[in-house]
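**Q** Structure in structure tokens, see below.
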Amino acid sequence: MFDLPAQRAHLSEKYDLAPSPELAASMSDIYDRMSRVVSPVDWAIYAPYVKAINDLKAERNAVILGHNYMTPEIYHGISDFGGDSLQLAIKATEVEADVIVQCGVHFMAETSKILSPQKTVLMPDMEAGCSLAESITAEGIEEMRRRYPGAPVVSYVNTTAEVKAASDICCTSSNAAQIVAAQDSHTIIMTPDQYLAQNVARDVPHKNVVWWEGSCIVHEQYSPQDLRDFREWNPGTRLIAHPECPPDVVAEADFSGSTSGIIKYVTDEKPEKALLITECSMASNIADELPEVDFVGPCNMCPYMKKITLEKVLYALDTMTGQVEVDPEVADKARLSVQRMIDLSRQLGI
Ligand code: SF4
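For reference, each letter of the sequence shown is one residue, going 330 to 679 in the working numbering.
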């Protein structure tokens, strides 16, 4: 369990973390990446943490991987690489660093550890979970195999190492349809996201896609009526939905794509106004790179992702606590599922 007062006391003994407009001004190159969404007052609060973390990174030979759903001061202030969970895990294998700090949720840190077992992987808050990853266990996979004998199991990367190990192959939201289409079986089991599976089933009608009933608490909250109401209230806005949203929400949107697909779409299309029907920080993190796009409308926050803060990252790196371990036997099997996906994606040219 997290002992925040004790952590704060520890940090204040070693670092000067008082808000500092002077320090903030001296780090304007970093602030420029988030100035559209972070106020100068807030930046003066963040700057001492950002400096302390970036100095410590060099000392520890560490890199920080920041998921798209991190807040801007983490995504732009301290992350060496940003992206979706798989992009980050692949990046973890490519860097020379001894230490990876995963700014994201626990299954992402596990995936980094699976792909880079020799590196130390730190999670700033071990309680940063995921409703999708927690919805299924290895027993759930076995239950699906009993229900649909012989059908291959395609599991989303948003799963624990044990679930990946029990699956045949993994997928991401950007390659799910192609991975399913390429399976040598009419019936395919998809876990754990029922909505991603239903969206894939629509795109791959020649397959019988069956699914586990998990869902993401961020994306399942949207309804088609929300989108219709928004169009009426703010005409001309491009509505862009993540495929973890229910299919009737995706059907109301102008475009649906993975986090990297959404970024590519907005970057290529540059709509005057865009509503990203996904986690709140997505829009914040690309706002400064796309000044011509007005990101409007409501968004939903992931309470798990928001457990990661600058303070917790600094504490983890300072004390080297929060090390993620995966049983080597489980890791070997899980790596196989991830590697099959990477190999198949390359073979399919995606
Ligand atoms: S946004 Fe959804 S899928 Fe992503 S970590 Fe949060 S609960 Fe899990």
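Backbone N, C-alpha and C define an ideal beta-carbon position, used for all residues, glycine too.
Keep in mind it's a predicted model, so treat the numbers as computed, not measured.
Measuring alpha carbon to alpha carbon, tell me which of Ser364, Val653 and Ala391 ends up nearest glutamate 456.
**A** Translated into the one-based positions of the sequence shown, residue 456 becomes position 127. Taking only the C-alpha atoms, the option nearest glutamate 456 is Val653.
**Q** Could you check where the beta strand (DSSP E) with lysine 343 kicks off and where it finishes?
**A** Along the sequence shown, one-based indexing puts residue 343 at 14. Segment 333-343 is the alpha helix (DSSP H) holding lysine 343; no beta strand (DSSP E) there.
**Q** Tell me methionine 519's beta-bridge partners as DSSP assigns them.
**A** Against the sequence shown, residue 519 aligns to sequence position 190. Note: methionine 519 sits in a beta bridge opposite Val483 and Trp540.
**Q** Between which two residues does the beta strand (DSSP E) carrying glutamine 431 extend?
**A** Here residue 431 refers to the residue found at position 102 when the sequence shown is read from its first residue. Element bounds for glutamine 431: 428-432.
**Q** What I want to know is whether the C-beta of cysteine 545 ends up closer than 7 Å to one or more non-hydrogen atoms of the ligand SF4.
**A** Locating residue 545 in the sequence shown gives position 216, counting from the first residue. Within the cutoff, so yes.
**Q** Go through the segment 389-460 residue by residue and report every complete run of the beta strand (DSSP E) that reaches 3 residues or more, in order.
**A** With a minimum length of 3 residues, the continuous beta strand (DSSP E) runs that stay inside the segment 389-460 are 391-396, 410-412, 428-432 and 449-451.
**Q** What residues match up with arginine 567 in a beta bridge as DSSP calls it?
**A** Your numbering for residue 567 matches position 238 in the sequence shown. Answer by DSSP bridge pairing, in chain order: Ala603.
**Q** Report the rounded CA-to-CA distance for glutamate 403 versus glutamine 336, giving the unit in angstroms.
**A** As a working note, residue 403 is residue 74 in the sequence shown. As a working note, residue 336 is residue 7 in the sequence shown. This sequence places isoleucine at residue 403; glutamate is not what is there. Distance between the alpha carbons of isoleucine 403 and glutamine 336: 19 Å.
**Q** Using three-state DSSP, classify glutamate 581 as helix, strand or coil.
**A** Within the sequence shown, the letter at position 252 stands for residue 581. In the structure shown, glutamate 581 sits in a helix (DSSP, three-state: H, G or I).
**Q** Does DSSP put isoleucine 359 in a helix, in a strand, or in coil?
**A** Position 30 of the sequence shown holds residue 359. In this structure, isoleucine 359 counts as helix in the three-state DSSP scheme.
**Q** In this structure, does DSSP put asparagine 383 in helix, strand or coil?
**A** Translated into the one-based positions of the sequence shown, residue 383 becomes position 54. In the structure shown, asparagine 383 sits in a helix (DSSP, three-state: H, G or I).
**Q** Would DSSP call isoleucine 465 helix, strand or coil?
**A** Mapped onto the sequence shown, residue 465 falls at position 136. Coil at isoleucine 465, not helix or strand.
**Q** What residues in its chain sit with their C-beta under 7 Å from that of alanine 376, if we drop five residues either side in the sequence?
**A** Locating residue 376 in the sequence shown gives position 47, where the first residue counts as 1. Excluding sequence neighbours, alanine 376 sits near Ser349, Leu352, Ala353 and Met356.
**Q** Inspect the beta-carbon positions of cysteine 545 and serine 610 and report whether they are closer than 8 Å.
**A** In the sequence shown, residue 545 corresponds to position 216, counting from 1. In the sequence shown, residue 610 corresponds to position 281, counting from 1. No, the pair does not count as a contact, with Cβ atoms beyond the cut-off.
**Q** Going by the C-beta, is cysteine 499 closer than 7 Å to any heavy atom of the ligand SF4?
**A** Position 170 of the sequence shown, counted from the first residue, corresponds to residue 499. Answer for cysteine 499: no, Cβ out of range of the ligand SF4.
**Q** Using 8 Å as the threshold, is the C-beta distance between arginine 560 and proline 600 below it?
**A** The residue labelled residue 560 in the question sits at position 231 within the sequence shown. The residue labelled residue 600 in the question sits at position 271 within the sequence shown. Taking 8 Å as the Cβ cut-off, arginine 560 and proline 600 do not qualify as a contacting pair.
**Q** Using a Cβ-based criterion (distance less than 7 Å to any ligand heavy atom), does valine 434 qualify as near the ligand SF4?
**A** Numbered from 1 along the sequence shown, position 105 holds the residue referred to as residue 434. Yes - the ligand SF4 has a heavy atom lying nearer than 7 Å to the Cβ of valine 434.
**Q** Going by C-alpha distance, which of Leu677, Arg664, Leu673 and Leu643 is nearest glycine 406?
**A** Here residue 406 refers to the residue found at position 77 of the sequence shown. The option with the nearest alpha carbon to glycine 406 is Leu643.
**Q** Using a 10 Å radius around the Cβ and a threshold of 16 neighbouring Cβ atoms, would you call aspartate 661 buried or exposed?
**A** Here residue 661 refers to the residue found at position 332 when the sequence shown is read from its first residue. That one is exposed.
**Q** Once the 5 residues before and after arginine 531 are set aside, which same chain residues still bring their CB inside 7 Å of it?
**A** In the sequence shown, counting from the first residue as 1, residue 531 sits at position 202. Within the same chain, arginine 531 has close Cβ partners Pro576.
**Q** Do isoleucine 612 and cysteine 631 have their C-beta atoms within less than 8 Å of each other?
**A** Numbered from 1 along the sequence shown, position 283 holds the residue referred to as residue 612. Numbered from 1 along the sequence shown, position 302 holds the residue referred to as residue 631. Correcting the residue identity first, residue 612 is alanine in this sequence and not isoleucine. Not a contact, by the Cβ cut-off of 8 Å.
**Q** Spatial neighbours of serine 496 within its chain, please: C-beta separation below 8 Å, excluding the five flanking residues on both sides.
**A** Counting from 1 along the sequence shown, the entry for residue 496 is found at position 167. Within the same chain, serine 496 has close Cβ partners Ile470, Val482, Val483, Ser484, Thr488, Thr520 and Ser666.
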